[in-house]
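Residue numbers (our numbering), protein chains in the order written: chain A, 7 to 319; chain B, 7 to 548; chain C, 65 to 375. Backbone N, C-alpha and C define an ideal beta-carbon position, used for all residues, glycine too. Let me begin by presenting the structure, written as structure tokens, before commenting on it.
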Amino acid sequence: MIDFIARRLVAIIPVLAVVAVFVFLMLRLTPGDPAAVIAGDNATSEQIDLIRAKLGLDLPIWQQFFIWISDILRGNFGESFFFKKTVTELIAQRLEPTLALSICTLIVAVTTAVPLGVIAAYRHGSLLDRVVMGFSVMGFSLPTFVIGYCLIYIFAIDLGWLPVQGYTRIGADFGGFIEHMILPSITLGIIYVALIARITRASVLEVLNEDYIRTARAKGLSNRVVLMRHALRNAAVPILTVIGIGIALLIGGAVVTETVYGLPGLGRLTVEAVLSRDFPTIQAVILMFSVVYVVINLLIDISYTLFDPRIRY
Amino acid sequence: MSDQKPVLEVKNLSVALPQGGDRLHAVEKVSFTVKPGEIVCLVGESGSGKSVIAFTIMGLLAKALKPVSGEILLQGENVLAANEARLRELRCTRMSMIFQEPMTALNPVMTCGEQIDEVLRTHTKLDTTQRKTKIIGILTRVKLPEPERIYASFPHQLSGGQRQRIMIAMALVLDPVLLIADEPTTALDVTTQAEILKLVAELQEGQGTGVLFITHDFGVVAEIAHRVAVLRWGELVEMGPTEQILSRPQQPYTRMLISSVPSIHPAHRGVRLEKETVLRTEKLGKTYAGKSFFQKARVVKAAVDVDLDIRRGETLGIVGESGSGKSTVARCIARLIDPTEGKVFLGKTEIATISPSKLRPHRRKVQIVFQDPYRSLNPRITVGDSIIEGPMNFGLKRGEALARARKLMETVQLDPNALDRYPHQFSGGQRQRICIARALAMEPELLIADEAVSALDVSVQKQVLGLLDEIRQRLNLAVLFITHDLRVAAQICDFVAVMSQGRVVEYGAAEQVFGAPKHDYTKSLFAAAPGRDWEFGKFATA
Amino acid sequence: MTAIIEEAVDSAAIASASSKRKPLWQLAIRNPAVIFGGAILLIMVAIAVLAPFLGTVDPTRIDPAARNKKPGTEITYRLDNGTSFKHEAYMGTDTLGRDVYSRVLYGTRVSLIVGISVAVLALAFGLVIGMVSGYIRWLDGIIMRIMDGLMAIPGILLAIALVSIWRAGLITVIFAIVVPEVPRVVRLVRSIVLTVREEPYVEGAISVGTPTWTLMFRHILPNTIAPLIVQGTFTAAAAIITEAILSFLGIGIPPETPSWGNIMSEGRTLFRIFPHNILYPGIFLALAVLAINVMGDGLRDTLDPKMSKKV
Chain A
7 MIDFIARRLV AIIPVLAVVA VFVFLMLRLT PGDPAAVIAG DNATSEQIDL
57 IRAKLGLDLP IWQQFFIWIS DILRGNFGES FFFKKTVTEL IAQRLEPTLA
107 LSICTLIVAV TTAVPLGVIA AYRHGSLLDR VVMGFSVMGF SLPTFVIGYC
157 LIYIFAIDLG WLPVQGYTRI GADFGGFIEH MILPSITLGI IYVALIARIT
207 RASVLEVLNE DYIRTARAKG LSNRVVLMRH ALRNAAVPIL TVIGIGIALL
257 IGGAVVTETV YGLPGLGRLT VEAVLSRDFP TIQAVILMFS VVYVVINLLI
307 DISYTLFDPR IRY
Chain B
7 MSDQKPVLEV KNLSVALPQG GDRLHAVEKV SFTVKPGEIV CLVGESGSGK
57 SVIAFTIMGL LAKALKPVSG EILLQGENVL AANEARLREL RCTRMSMIFQ
107 EPMTALNPVM TCGEQIDEVL RTHTKLDTTQ RKTKIIGILT RVKLPEPERI
157 YASFPHQLSG GQRQRIMIAM ALVLDPVLLI ADEPTTALDV TTQAEILKLV
207 AELQEGQGTG VLFITHDFGV VAEIAHRVAV LRWGELVEMG PTEQILSRPQ
257 QPYTRMLISS VPSIHPAHRG VRLEKETVLR TEKLGKTYAG KSFFQKARVV
307 KAAVDVDLDI RRGETLGIVG ESGSGKSTVA RCIARLIDPT EGKVFLGKTE
357 IATISPSKLR PHRRKVQIVF QDPYRSLNPR ITVGDSIIEG PMNFGLKRGE
407 ALARARKLME TVQLDPNALD RYPHQFSGGQ RQRICIARAL AMEPELLIAD
457 EAVSALDVSV QKQVLGLLDE IRQRLNLAVL FITHDLRVAA QICDFVAVMS
507 QGRVVEYGAA EQVFGAPKHD YTKSLFAAAP GRDWEFGKFA TA
Chain C
65 MTAIIEEAVD SAAIASASSK RKPLWQLAIR NPAVIFGGAI LLIMVAIAVL
115 APFLGTVDPT RIDPAARNKK PGTEITYRLD NGTSFKHEAY MGTDTLGRDV
165 YSRVLYGTRV SLIVGISVAV LALAFGLVIG MVSGYIRWLD GIIMRIMDGL
215 MAIPGILLAI ALVSIWRAGL ITVIFAIVVP EVPRVVRLVR SIVLTVREEP
265 YVEGAISVGT PTWTLMFRHI LPNTIAPLIV QGTFTAAAAI ITEAILSFLG
315 IGIPPETPSW GNIMSEGRTL FRIFPHNILY PGIFLALAVL AINVMGDGLR
365 DTLDPKMSKK V
């Protein structure tokens, strides 16, 4: 078990290394002087010189990489000249809305999608199955921001049930926080529900064709027991996998959703940083999201051992 | 026993196939009975409908198949008329089933104990300790060692034979009156098979259980059956006591089938003449080493110190159970995998270590026919193109190659005009002939047949074996024949090498190895061969 | 006698095999999902090609007098030569007075170009890299680590990062969307190559001395076609959405080019009063993506039944 976790940990090192190299090279691939790019459009030549010295731009590129990566490993992501703050501070400030949005969405999506997928598989070929599948295709096809604006128009502007945009901190007013989270979580959750419901249905269907399901039926078990006790647990691994992979959709979707609902989170920060060509911030955000994504998938990998006793290597 | 009321009566049963099939009924007007304490074998080749009957009795038939007429009486109760809830009550209490694939028939994420416990929880009102006692009891009865440990084990921690014992324990824990066994030993090695057959016979005799045993293997029939029903295309051809069916079959089909069963006594074929050696291996070995950072590297020795020698015009058989390394040796000789130790001499050339580019001219000389006829030909190109691919790789013009292919189609007794058809238009046996033609098109010196007849029905198997032997004689070809089937080996091989755990444990003339085995492993292998004491007659089939 | 038996015994197998191998394209074309999706797509293509003839005006034409009009308003455009003409703005106008109907119709062009080029490029790069990775063992490790790394960066973020490096433009946007899609195709192709390599018919071809290139093109490559076509449709759908997202966020296609994302981006500020700026391009976008996805599902069910069981 510990061996398994250790090996998984080692396996993510090259992945993170590739990400780090890519993010590092990003700045070098932009046309122009990296120092000038970092300093932003209104920088003085002294500021640019200062940055150049700090990055060691005269050194060979691999030395620059090591300076950069060792800074980051010490938690120093550099300074945002556009926002006049260290990037670490900036991220800390914007963390809460994104975290809240992701967790709410995850809860909403998983609790809807898995039952939907199971029912669709169980009633394979029925009207219900076709409705779920149809919804799933729609969910993939409707862009997040179109859904977002439709929901705002219906529930906030027309019916006036919920606030249009904005964010209330969880510590300040919990009720307000929930009100502001409902529409964004549903908006972001739809594509995720579509994905998970589809995979759940497919995995359960596949498991239902297995020999051991036939054995279970030959034992005289009821269909419900066969489904809940035998099929679902065996289908868990692919479902978990897709929940993990889907985190990428969640992160991408958060960028859009935060823009639509005016949430002051990391997604919005990313867009602002790109628009103002604030490279230290872009680098930090991409690096951070990637690490989070990889770590979540690592945790999911490890959790497989809880569901499938065969996975032990 | 004959005066007892039957536990199972199947009367006039017909099961419809979905529209667009090759025939209307999977099973047509089949009637038979199983009495208490009796083992009835349903025997037939693929497509005979024998498994369909079993699933119909259990009520587990796929939705596409529908019973359209007849009755199935389980102790007088018509299960065809029973509703789903009643069927569930009957399953495992009065009728149980065990399946062909013990590897996949158990739920991989539940312990074996839990899976048997489910049966008791569903059908009885026993409390936890009573159930546990009962389960340990049945595990002991199916002769599993350390029942407590097995109870807590997951299926993947057990061997195939042990898993099949778990299945049997699960099926018999509530002492049903009828046990349906659907090819329960087909996926097992011969020694395991013998143990399982013995276990089933013992248990059913003790409890007076009626057994419906489905098999394609007449050896198994001879071993276990009291009565036999022969099926073909869903119809019952002939039924009677085992002795009568096996020694005095009335119907031409039954006569043909039984005649096709290869004898376990080697065909006499004279002694070795001093002739030119085609292939010789010297201490051939293949080791697989798994790389790992944390654990000690796992080393699997698939083949160790294999010395073989095949002369022109001879067939050398390698027999062994699964995992014995017999296919590894074949694939090393064909250089589909690279051996890690030893040498392979093809004529005078050593080919085990030469580079791929130097190897290419020698590729022609060794050709291989694989087990699975459905995957051995590229489905996207015509069989003609498959056959001429090799010769054209070695510089033959398309026209010449096609002419050669036409001739070869005749050699393998197929229509030469069928060269422009695709593989899916041929049956399994025909595809295997095409694979032989493809191999022969290279004018090889050594032909390797890697379980080449194992996937075929016995009647087709007989023809392909006959063809291979005829070709060997006519072309004076050296043949390396890999098989797990002792009967097949006895019929086709001049010399036999018995492999176990990567090593050749016994090697000699077929007659000598089969007639007077020396090594303990060989002895146990022969002792386990089903129906070894039965000489299947050769009947005139007209 | 025996030949007849063999024939009949195997007939069940033949029946199942031959039903599997009816001409796939005919089956695909008859699939209702493919017909439905394909029809909508054809209409979209027609709109893109025929945009100038469908009662549109110049989509970049700015008219201060015609700002923020509701759908159905009649607008009088004055031309530079002094003449004027009337035009009904079916979908209203935006904050600069541009006709939304014309912009939406012309926007079809951008979306289709992005969808098609991303799919083609991602498949091409993915196919080559995947074949190399699946066939050349020593390169496999390196290539797959790089692909894993690229896949560790959420797709849209990677595209955003690339756009931010290269500055906006159609070509930039296309490449920025291609890069995150390539690893998926590579994995698909590689897994097919690795599976097919083990097939006995490939080993059979090796043992008759078939050269590596023939082996690849004749025996291995054809197996990738059906899954790649299916993958291609889904890639195209995802690319159209990603382009719309980038443009919507204001970091995609330059704002003067009419694209659905851009129209919605401009409509954002006055959304509460004039929802039509977001509604109409949104409907077109959703319809186009839905059509491609439905068609992809249909193609997968017919061309690649093994995969359709998995997903």
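Does any residue of chain A bring its CB to less than 9 angstroms from the CB of residue i?
i	result
residue 323 of chain C	no
residue 99 of chain C	no
residue 300 of chain B	Low per-residue confidence applies at residue 300 of chain B: pLDDT is 49, beneath 50, and the placement is therefore not dependable, though the value from the model is reported in the following sentence. By this cut-off, residue 300 of chain B is an interface position.
residue 205 of chain B	no
residue 175 of chain B	no
residue 361 of chain C	yes
Answer yes or no: does any C-beta atom of chain C fall closer than 9 angstroms to that of residue i?
i	result
residue 276 of chain A	yes
residue 520 of chain B	no
residue 530 of chain B	no
residue 377 of chain B	yes
residue 5 of chain B	Nothing about residue 5 of chain B can be read from this structure; chain B reaches only from 7 to 548.
residue 392 of chain B	yes
residue 103 of chain B	no
residue 13 of chain A	no
With which residues is residue i paired in a DSSP beta bridge?
i	result
residue 129 of chain B	Bridge partners of residue 129 of chain B: none, in fact.
residue 205 of chain C	Residue 205 of chain C is not bridged to any residue.
residue 240 of chain A	Note: residue 240 of chain A sits in no beta bridge, so no partner.
residue 246 of chain B	B/234
residue 373 of chain B	B/453
residue 219 of chain B	B/47, B/187
residue 204 of chain B	None; residue 204 of chain B has no bridge partner.
Measure the Cβ-Cβ separation of residue i and residue j and say whether it is below 9 angstroms.
i	j	result
residue 189 of chain B	residue 464 of chain B	no
residue 178 of chain C	residue 113 of chain C	no
residue 183 of chain A	residue 192 of chain A	no
residue 33 of chain A	residue 285 of chain A	yes
residue 237 of chain B	residue 187 of chain B	no
residue 137 of chain C	residue 166 of chain C	no
residue 467 of chain B	residue 494 of chain B	yes
residue 253 of chain A	residue 298 of chain A	yes
residue 349 of chain C	residue 304 of chain C	yes
residue 355 of chain C	residue 108 of chain C	yes
residue 382 of chain B	residue 338 of chain B	no
Of all Cβ atoms in chain B, is any one closer than 9 angstroms to the Cβ of residue i?
i	result
residue 244 of chain A	no
residue 228 of chain C	no
residue 212 of chain A	no
residue 273 of chain C	yes
residue 266 of chain C	yes
Within 10 angstroms of its Cβ, does residue i collect 16 or more other Cβ (buried), or is it exposed?
i	result
residue 133 of chain A	exposed
residue 380 of chain C	Any question about residue 380 of chain C goes unanswered here, given that chain C covers just 65 to 375.
residue 277 of chain C	exposed
residue 533 of chain B	exposed
residue 5 of chain A	A question about residue 5 of chain A goes unanswered here, because the residues of chain A that appear run from 7 up to 319.
residue 339 of chain C	buried
Could I get the ranges of all uninterrupted beta strand (DSSP E) runs contained in the region 90-129 of chain A, with 3 residues as the minimum, in chain order?
Runs of the beta strand (DSSP E) inside the region 90-129 of chain A: none found.
Scan the region 281-367 of chain C and note each continuous alpha helix (DSSP H) run of 4 residues or more that stays entirely inside, going in chain order.
Secondary structure within the region 281-367 of chain C: the alpha helix (DSSP H) runs of 4 or more consecutive residues, fully enclosed, are 286-312, 324-331, 340-367 (chain order).
Starting from the N-terminal side, write out each stretch of the beta strand (DSSP E) that is 3 residues or longer and does not extend beyond the region 437-516 of chain B.
Runs of the beta strand (DSSP E) inside the region 437-516 of chain B: 452-456, 484-489, 501-506, 509-515.
Length-filtered (3 minimum) beta strand (DSSP E) runs lying within the region 23-96 of chain B
The qualifying runs are 31-40, 45-49, 72-80.
Every unbroken beta strand (DSSP E) within the region 98-163 of chain B, with a cutoff of 3 residues, ordered by chain:
Listed in chain order, the complete beta strand (DSSP E) runs (minimum 3 residues) inside the region 98-163 of chain B are 101-104.
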